[in-house]
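Protein chains in written order, with our numbering: chain A, 4 to 254; chain B, 4 to 254. Even for Gly, the Cβ is constructed at its ideal location relative to N, Cα and C. In this text the structure is predicted, and so the values were computed from the model without any measurement. See structure below.
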DNA sequence: GCCCCTCATTTGTCCTACGATTATCGGCCT
DNA sequence: AGGCCGATAATCGTAGGACAAATGAGGGGC
């Protein structure tokens with residue numbers, strides 16, 4: 004469509020800025036970011052995904068860069084390509100939501116209470132079980148990391164440091180302590196999503212993270228009491244879920 | 004150059020065989036598969052990862068193909084590349100285990116009871132919660148799919164059809180019915196891994212899948228009884244875990 | 001009217017060249 | 001002699017052109 008070249012002029016500028024703003028080590032990862040964000044925000048739900056030639060021209064990069072970015076999107080399940088047919092955006096059910104990039108694009112650009120609730124529905128499955136495993140499996144270093152996270156949370160209650168990062172540190176340390184690589188893999192996912200989640204829950208009512216409840220989890224793990232750890236963590240995240248529920252009752 | 008067609012037959016190493024055997028739609032995905040398998044099997048734990056030029060030469064493909072394959076590996080977290088420094092395999096903790104390709108490479112090539120146990124430790128977190136959600140959220144089509152899976156399992160008990168695929172169908176249907184895209188995303192992961200898991204557990208003692216326990220889960224979901232569904236599913240996977248535990252007690 | 005065939009479009013693959021980055025080595029200054 | 005510094009080369013990053021392969025679409029022949 005000739006419409007593209009001219010009519011998307013504004014859109015292109017918008018994109019270019021986005022690509023330029025990201026301090027990307029190379030053009031390919033910049034393209035990956037730009038295209039990824041565009042896809043998850045639904046830009047191609049109506050119009051078809053551009054061809055390699057169109058992308059290259061619109062962004063002023065070589066076809067090599069374009070192809071490599073598209074291949075990376077393919078690897079993350081966002082698109083699929085066939086000769087003569089062009090590249091097509093895959094249905095959202097194919098997207099790899101456990102990829103840190105995909106999740107970041109989603110949360111940065113398409114944040115919704117709905118998405119936040121679904122994510123915490125996942126957390127309430129994962130983290131209590133991870134806490135139970137950690138109670139059994141943890142080594143000294145793991146426990147030290149958990150307690151360090153808790154200590155930082157206490158410090159931030161007095162205004163020292165970033166409460167968000169402290170909270171993330173705590174939850175990530177527990178996932179790590181589970182000793183299970185599948186849980187460990189969720190580190191980046193949980194970290195990415197907590198940045199959105201906590202920012203939101205803290206905004207609701209000056210709601211500061213409940214340190215006592217966090218301490219209960221840490222103590223249960225230290226005592227190697229898996230059932231208590233599971234229950235404590237479940238309690239912790241259950242609170243977040245009800246908080247979200249009261250704010251936006253599901254349809 | 005027309006000789007490319009012949010040139011693939013040169014005295015190549017064992018790699019070529021692997022690449023040639025994979026019925027891949029294109030060279031890039033063949034390279035992706037070859038390199039991915041080589042990485043997860045630990046081929047580069049001792050030696051360094053080859054440069055783009057070396058890979059291209061060894062496999063008789065162009066540098067473009069090599070680069071695109073490496074980019075896809077990067078997107079899946081297996082490697083990272085820096086100028087002059089070459090491409091390096093990332094520590095296993097960075098690999099995206101929730102990527103269907105990565106998981107398949109791992110299970111096909113590096114199967115171990117340890118890995119199987121860790122995977123089922125993940126299942127026991129996910130699936131009971133998914134069943135509980137499904138009990139609340141499921142629509143008619145979801146329930147029909149779950150019951151179809153159950154029916155196929157019953158049919159296979161009489162020798163009709165593949166029991167493995169029926170079991171997979173059942174579990175996947177429940178994940179789908181949860182209505183949560185994060186759980187839905189685990190479809191491919193669970194399907195891939197169950198193919199290894201069930202094949203193994205069935206081998207232990209002519210152990211055929213317990214249909215009564217599966218039916219209990221389905222009934223609880225149909226009755227919209229989340230707690231009962233969660234407990235029933237937990238029971239189901241707990242059995243598998245103890246089965247694995249008896250066979251290979253953890254170190 | 002139906003079938004086959006040509007043609008155009010788009011991804012797939014190859015190639016060559018050059019730019020950017022940085023580890024390494026050799027020489028120079030102190 | 002030892003440490004600092006610049007040249008060097010290896011490697012990924014980017015550009016751009018050419019052709020192959022696949023495939024949907026439309027035109028020509030019967």
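query                                                                                                                                                                                : result
Ignore the nearest five residues each way along the sequence and tell me which others in residue 40(B)'s own chain have a CB closer than 6 Å to its CB.                              : 108, 112
Could I get the ranges of all uninterrupted alpha helix (DSSP H) runs contained in the segment 165 to 245 of chain B, with 4 residues as the minimum, in chain order?                : 166 to 180, 184 to 207, 214 to 225
What residue range is occupied by the uninterrupted beta strand (DSSP E) comprising residue 89(B)?                                                                                   : 89 to 92
For the alpha helix (DSSP H) containing residue 82(B), list its first residue and its last residue.                                                                                  : Where residue 82(B) is concerned, there is no enclosing alpha helix (DSSP H), although the beta strand (DSSP E) it sits in stretches over 82 to 85.
In chain A, what lies closer than 8 Å to residue 67(B) by C-beta?                                                                                                                    : 67, 70
Rounding to the nearest angstrom, what Cα-Cα distance links residue 244(B) and residue 232(B) in this structure?                                                                     : 18 Å
Indicate whether the contact test is met: 3 or more Cβ pairs, each with one atom in the segment 134 to 150 of chain B and one in the segment 214 to 224 of chain B, closer than 8 Å. : yes
Compare the C-beta of residue 93(B) against all C-beta atoms of chain A and say whether one is closer than 8 Å.                                                                      : no
At what residues does the alpha helix (DSSP H) containing residue 145(A) begin and finish?                                                                                           : 143 to 160
Classify residue 85(A): buried if its beta carbon has 16 or more other beta carbons within 10 angstroms, exposed otherwise.                                                          : exposed
Cβ closer than 9 Å: which chain A residues qualify as neighbours of residue 31(B)?                                                                                                   : 74
Flag this pair as touching only if the segment 92 to 107 of chain A and the segment 185 to 197 of chain A have three or more C-beta atom pairs under 8 Å; answer yes or no.          : yes
List, in chain order, every chain A residue whose beta-carbon is nearer than 9 Å to that of residue 177(B).                                                                          : Here the premise fails: no neighbours, minimum Cβ distance about 13 Å.
Please determine, among 230(B), 51(B), 143(B), 34(B), the residue with the shortest C-alpha to C-alpha distance to residue 69(B).                                                    : 34(B)
Using three-state DSSP, classify residue 60(B) as helix, strand or coil.                                                                                                             : helix
Kindly indicate the opening and closing residues of the alpha helix (DSSP H) around residue 36(A).                                                                                   : 30 to 43
By the three-class DSSP mapping on this structure, what secondary structure does residue 24(A) have?                                                                                 : Here the model assigns residue 24(A) a pLDDT of 47, short of 50, so the residue's position is not dependable, and the following value carries that caveat. DSSP places residue 24(A) in helix when its eight states are reduced to three.
Would you please state the rounded distance, in angstroms, between the beta carbons of residue 134(B) and residue 220(B)? I believe it to be under 8 Å.                              : 6 Å
Applying a beta-carbon distance threshold of less than 8 Å, which residues of chain B neighbour residue 187(A)?                                                                      : 96
For residue 131(A), which three-state DSSP category applies?                                                                                                                         : helix
Along chain B, which residues have their Cβ under 9 Å away from the Cβ of residue 234(A)?                                                                                            : The contacting residues do not exist; residue 234(A) stays about 14 Å from chain B at best.
Use the C-beta contact count for residue 23(A): other C-beta atoms within 10 angstroms, 16 or more gives buried, fewer gives exposed.                                                : Model confidence at residue 23(A) stands at a pLDDT of 44, short of 50, so the residue's coordinates are unreliable; what they give is reported in the following sentence. Burial call: exposed.
For residue 178(A) and residue 97(B), what's the separation of their Cα atoms in angstroms?                                                                                          : 14 Å
If you follow the alpha helix (DSSP H) that residue 65(A) is part of, which residue opens it and which one closes it?                                                                : Note, residue 65(A): premise wrong, no alpha helix (DSSP H); not H, not E.
Using a C-beta to C-beta distance shorter than 7 Å, which residues of chain A count as neighbours of residue 79(B)?                                                                  : 78
Look at the alpha carbon of residue 71(A) and the alpha carbon of residue 175(B), and state the distance between them as a whole number of angstroms.                                : 33 Å
Looking at residue 100(B): is its Cβ nearer than 8 Å to the Cβ of residue 203(B)?                                                                                                    : no
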